[in-house]
Amino acid sequence: MRVVPAAPRRIHDFVPIRKLHFFLSNVLFFAYNQGFVCRCQAKRQLVEGSMLSLAWQIRDYLNRKGLIISEGIHMARDKITIVGAGRVGATAAHIAATKHLGDIVMLDIVEGLAEGKALDIAEAGPIELYDSAVSGTCDWTKTEDSNIVIITSGLPRKPGMSRDDLLAKNVRIVKDVSQKIARYSPNSIVIVVCNPLDAMVYTAAKVTDFARNKVMGMAGALDSARFSYFLASELGVSVEDIKCVLMGGHGDDMVPLPRFTSVSGIPVTELLDEGKIAELIERTRKGGIEIVNLLGYSAYYAPAAGAVKMAEAILRDKKTVVSCCAYCDSEYDAGGHFVGVPVVLGKNGVEKIVELDLNESEKAQFEKSLAHVKQLALKVDKLL
Ligand SMILES: NC(=O)c1ccc[n+]([C@@H]2O[C@H](COP(=O)([O-])OP(=O)(O)OC[C@H]3O[C@@H](n4cnc5c(N)ncnc54)[C@H](O)[C@@H]3O)[C@@H](O)[C@H]2O)c1
Numbered sequence: 073m074r075v076v077p078a079a080p081r082r083i084h085d086f087v088p089i090r091k092l093h094f095f096l097s098n099v100l101f102f103a104y105n106q107g108f109v110c111r112c113q114a115k116r117q118l119v120e121g122s123m124l125s126l127a128w129q130i131r132d133y134l135n136r137k138g139l140i141i142s143e144g145i146h147m148a149r150d151k152i153t154i155v156g157a158g159r160v161g162a163t164a165a166h167i168a169a170t171k172h173l174g175d176i177v178m179l180d181i182v183e184g185l186a187e188g189k190a191l192d193i194a195e196a197g198p199i200e201l202y203d204s205a206v207s208g209t210c211d212w213t214k215t216e217d218s219n220i221v222i223i224t225s226g227l228p229r230k231p232g233m234s235r236d237d238l239l240a241k242n243v244r245i246v247k248d249v250s251q252k253i254a255r256y257s258p259n260s261i262v263i264v265v266c267n268p269l270d271a272m273v274y275t276a277a278k279v280t281d282f283a284r285n286k287v288m289g290m291a292g293a294l295d296s297a298r299f300s301y302f303l304a305s306e307l308g309v310s311v312e313d314i315k316c317v318l319m320g321g322h323g324d325d326m327v328p329l330p331r332f333t334s335v336s337g338i339p340v341t342e343l344l345d346e347g348k349i350a351e352l353i354e355r356t357r358k359g360g361i362e363i364v365n366l367l368g369y370s371a372y373y374a375p376a377a378g379a380v381k382m383a384e385a386i387l388r389d390k391k392t393v394v395s396c397c398a399y400c401d402s403e404y405d406a407g408g409h410f411v412g413v414p415v416v417l418g419k420n421g422v423e424k425i426v427e428l429d430l431n432e433s434e435k436a437q438f439e440k441s442l443a444h445v446k447q448l449a450l451k452v453d454k455l456l
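Add 72 to a position in the sequence shown, counting from 1, and you land on the number used in my numbering.
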C-alpha cells in the first residue's frame with residue numbers, strides 16, 4: 073500500500089476562516105460578558121475560566137487535527153516570569169494562573185523548588201479550571217522574551233528586623249537578577265516586590281537601564297488593601313466600596329491620605345472621627361510587622377495579590393489607577409526618584425503619574441518619606 077503524505081490541511085478547507093474567527097471572538101466575548109455580570113468575584117472567575125478554557129480547547133483541538141490556524145487569529149499568551157519561588161513568588165504564580173494572565177515561568181536558585189511548586193500549581197488547574205502553562209526552572213534561558221517579570225527573590229524580614237536591614241543582601245540579589253532580565257527579556261516590564269522596596273526598584277531600574285515607565289514596585293497596592301480592609305472592618309461595609317490612596321515610601325513613614333479616601337463616594341472623614349482614622353493609619357503603617365510578629369516571617373497572600381493586580385493592569389491594558397513605586401521627576405518635586413505615588417497602569421507600564429493637590433501637612437509627610445527614600449538610594453549607589 074502506498075502511503076501518500078497528507079497535504080497540509082488549512083482550516084479554511086473546512087470552516088471559512090472568518091466564521092471561525094467570528095465564533096472564537098464570540099466565545100471570548102460571551103466569557104467576558106458573563107464574567108462581568110457576575111457580581112461575585114469567585115463566580116466571575118469561574119465563568120471566565122470555563123469559557124476561556126473552552127476557547128483554548130477548541131484551538132488545541134484544531135491544532136491537533138493538523139488544521140493550521142490563520143495568523144489572523146491572535147491567541148498567543150503573555151509570558152510572565154516570577155523570579156523567586158518562595159512564599160510571595162509561588163503565591164503570585166497561583167493567583168496569576170487563576171486569573172488566566174498567561175503562561176508562567178517561576179525561577180529560583182534552589183534546585184527543584186520552582187519546578188516542584190510549579191508542578192503543584194499546574195496540577196490544581198483541572199480543579200480550578202485554568203490551563204496556563206506553569207513551569208519552574210533554575211535556567212534563565214527559559215524566561216526568554218517574557219512580557220512581565222516580577223522580582224520576589226530576596227530575603228524577607230524576621231521579627232525584630234526593619235525592611236532597611238535587608239538592603240545590602242537584597243541589592244546583591246536584585247542586581248544579579250536585573251542583569252539577567254536585561255539580557256533575556258529586554259522588552260519586559262518589571263515589577264519589583266523585594267524589600268526595602270523603593271531601594272530595590274531603584275536598583276532594578278539602574279541595572280536594567282530600562283525606560284523609567286517600565287520598572288516599578290509593588291507596595292501601594294498592598295498598603296492600600298490593608299488600609300481598605302481595616303476601614304471596611306471598622307465600618308462594617310464591603311471592602312469593594314473603599315477607594316483609597318497612599319503615597320510615599322514603603323515603610324513606617326508611608327502616607328495614607330484620608331482626604332482622598334471614600335466609601336462608595338462618601339469621604340471617609342464624614343464617617344469616622346479623626347482619632348479612629350489615625351488609629352487605622354497607624355495599624356496600616358505597621359501592617360507588615362503585625363504579620364511578621366504573628367508568623368515569624370513576612371506576609372505573602374496580600375503582597376502576591378498586589379503584584380498580580382499590577383501585572384493584570386498592564387497585560388490587559390486596564391488603565392488601572394493604583395498606588396505604586398514609580399519614577400517621579402518634576403512630579404511631586406521628587407527630583408528623579410522612585411517613590412510611591414498614584415499612577416495609571418496600562419500596556420506601557422506606568423502611563424501617567426496622578427498628581428494630587430496635597431495640603432501642607434500631606435506635603436510635609438510626603439517630603440519626610442521621600443527624604444528616607446533618597447537616603448536609601450545613596451546607599452544603593454555605594455553598593456552597586
Ligand atoms: N513589597 C512588599 O509589599 C512586600 C511584601 C512582602 C514581602 N516582600 C519582600 O519580598 C521578598 C520575598 O519574600 P518571600 O516571603 O517570598 O521570601 P522567601 O524567602 O519565601 O522567597 C524568596 C525566594 O527567592 C529565592 N532567591 C534568592 N536569591 C535568588 C536569586 N538570585 N535568583 C532567584 N531566586 C532567588 C530564594 O531561594 C527564595 O526561594 C522579600 O524581600 C520580602 O521582604 C515585599
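Backbone N, C-alpha and C define an ideal beta-carbon position, used for all residues, glycine too.
Closer than 8 Å by C-beta to residue 313: which residues in its own chain qualify, once you throw out the five before and the five after it? Chain order, please.
As a first step, residue 313 is located in the sequence shown; it is residue number 241 there, counting from the start. For residue 313, where only same-chain residues beyond five positions count, the Cβ hits under 8 Å are 304, 335 and 336.
With a threshold of 6 Å on Cβ separation, who are the neighbours of residue 385 within its own chain once the five nearest residues in sequence on each side are excluded?
The residue you call residue 385 lines up with position 313 of the sequence shown. For residue 385, where only same-chain residues beyond five positions count, the Cβ hits under 6 Å are 392 and 417.
Please indicate yes or no: does the CB of residue 158 lie closer than 6 Å to some heavy atom of ligand 1?
Within the sequence shown, the letter at position 86 stands for residue 158. Distances from the CB of residue 158 to the heavy atoms of ligand 1 include at least one below 6 Å.
Can you check the region 337–397 for any alpha helix (DSSP H) of at least 4 residues that lies completely inside it and give the ranges in chain order?
List check, alpha helix (DSSP H) in window: 346–357, 359–367 and 373–387.
For a test of the three-state rule: what should DSSP assign to residue 145, helix, strand or coil?
As a working note, residue 145 is residue 73 in the sequence shown. For residue 145, the predicted model reports a pLDDT of 45, less than 50, meaning its position is unreliable and no value from the coordinates is stated.
Between 245, 167 and 204, which has its C-alpha nearest residue 181's C-alpha?
The count along the sequence shown starts at 1 and reaches residue 181 at position 109. When each option's Cα is compared against that of residue 181, the closest is 245.
Proximity to residue 70 [Cα-Cα], best of 255, 296, 251 and 321:
Here the chain comprises residues numbered 73 to 456, so residue 70 is not present and cannot be evaluated.
Close Cβ partners of residue 166 (< 7 Å) along its chain, the five nearest in sequence each way excluded
Looking up residue 166 in the sequence shown gives position 94. These residues qualify, in order along the chain: 193.
Using a Cβ-Cβ cutoff of less than 6 Å, which residues in the same chain neighbour residue 218 once the five nearest sequence positions on both sides are dropped?
Locating residue 218 in the sequence shown gives position 146, counting from the first residue. Scanning its chain for C-beta atoms nearer than 6 Å, with the 5 sequence neighbours on each side dropped, one finds around residue 218 the residues 151, 153, 257 and 260, in chain order.
Per DSSP, residue 400 forms a beta bridge with which residues?
Numbered from its first residue, the sequence shown carries residue 400 at position 328. Residue 400 is bridged by DSSP to 409.
Output the distance between the C-alpha atoms of residue 398 and residue 285, rounded to the nearest integer angstrom.
Your numbering for residue 398 matches position 326 in the sequence shown. Your numbering for residue 285 matches position 213 in the sequence shown. If I take the Cα positions, the gap works out to 7 Å.
Just the Cα atoms here: how many angstroms apart are residue 300 and residue 207?
Within the sequence shown, residue 300 is the residue found at index 228, counting from 1. Within the sequence shown, residue 207 is the residue found at index 135, counting from 1. Using only the alpha carbons, I get a separation of about 34 Å.
Whole-number beta carbon distance between residue 155 and residue 179, since they are thought to touch under 8 Å
Taking the sequence shown and counting its residues from 1, one reaches residue 179 at position 107. Taking the sequence shown and counting its residues from 1, one reaches residue 155 at position 83. Residue 155 and residue 179 do touch by the CB rule: their CB atoms are close to 5 Å apart, below 8 Å.
Tell me, which residues are paired with residue 177 by DSSP?
The sequence position of residue 177 within the sequence shown is 105, counting from 1. The partner list for residue 177 (beta bridge, DSSP) reads 153 and 207.
Just how far apart, CA to CA, sit residue 352 and residue 455?
Translated into positions along the sequence shown, residue 352 becomes position 280. Translated into positions along the sequence shown, residue 455 becomes position 383. Cα-Cα distance, rounded: 36 Å.
Is it the case that the CB of residue 301 approaches a heavy atom of ligand 1 more closely than 6 Å?
Start at 1 with the first residue of the sequence shown, and residue 301 comes out as number 229. No - ligand 1 has no heavy atom lying nearer than 6 Å to the Cβ of residue 301.
Going by other Cβ atoms of all chains shown within 10 Å of its Cβ, with 16 needed for buried, is residue 158 buried or exposed?
Taking the first residue of the sequence shown as position 1, residue 158 is located at position 86. Buried: at least 16 other Cβ atoms inside 10 Å.
Excluding the 5 residues flanking residue 349 on each side, which residues of the same chain have their C-beta closer than 6 Å to its C-beta?
If you number the sequence shown from 1, residue 349 lands on position 277. Here residue 349 has 330 as same chain residues with Cβ atoms under 6 Å from its own Cβ, once five neighbours each way along the sequence are excluded.
Starting from residue 424, trace the beta strand (DSSP E) in both directions and tell me its first and last residue.
As a first step, residue 424 must be located in the sequence shown, where it is residue number 352. Annotation: the continuous beta strand (DSSP E) that includes residue 424 extends over 421–425.
Residue ranges of each beta strand (DSSP E) within the region 205–284, 3 or longer
DSSP runs (the beta strand (DSSP E)) wholly in the region 205–284: 206–209, 220–223 and 261–264.
According to the neighbour-count rule (16 or more other Cβ atoms, all chains shown, within 10 Å of its Cβ), is residue 222 buried or exposed?
Here residue 222 refers to the residue found at position 150 when the sequence shown is read from its first residue. Burial state of residue 222 is buried, judged by a 10 Å Cβ sphere holding 16 or more other Cβ atoms.
Where residue 305 falls: helix, strand or coil (DSSP):
To locate residue 305, count along the sequence shown from 1; it is residue 233. Reduced to three states, the DSSP call for residue 305 is helix.
How big is the Cα-Cα spacing for residue 169 and residue 274?
Locating residue 169 in the sequence shown gives position 97, where the first residue counts as 1. Locating residue 274 in the sequence shown gives position 202, where the first residue counts as 1. Computed Cα separation, rounded: 28 Å.
Can you give me the C-alpha to C-alpha distance between residue 407 and residue 175, rounded to a whole angstrom?
Residue mapping note: residue 407 aligns to position 335 of the sequence shown, counting from 1. Residue mapping note: residue 175 aligns to position 103 of the sequence shown, counting from 1. The C-alpha of residue 407 lies about 37 Å from the C-alpha of residue 175.
Under the three-state reduction of DSSP, which class applies to residue 440: helix, strand or coil?
Translated into positions along the sequence shown, residue 440 becomes position 368. In the structure shown, residue 440 falls within a helical segment according to DSSP collapsed to helix, strand and coil.
Once DSSP output is grouped into helix, strand and coil, what is the label at residue 315?
Taking the first residue of the sequence shown as 1, we reach residue 315 at position 243. Strand.
Could you check the C-alpha separation between residue 297 and residue 215 for me, to the nearest Å?
Locating residue 297 in the sequence shown gives position 225, counting from the first residue. Locating residue 215 in the sequence shown gives position 143, counting from the first residue. Between residue 297 and residue 215, the C-alpha separation is close to 30 Å.
Quick check: is any heavy atom of ligand 1 less than 6 Å from the C-beta of residue 245?
Within the sequence shown, the letter at position 173 stands for residue 245. Answer for residue 245: yes, Cβ within range of ligand 1.
How many Å lie between residue 326 and residue 338 at the Cα?
For the purposes of this step, residue 326 is identified with residue 254 of the sequence shown, where counting begins at 1. For the purposes of this step, residue 338 is identified with residue 266 of the sequence shown, where counting begins at 1. Cα-Cα distance, rounded: 23 Å.
Quick one: is the Cβ of residue 174 within less than 6 Å of any heavy atom of ligand 1?
By one-based count along the sequence shown, residue 174 stands at place 102. Between ligand 1 and the CB of residue 174, the shortest heavy atom gap is not smaller than 6 Å.
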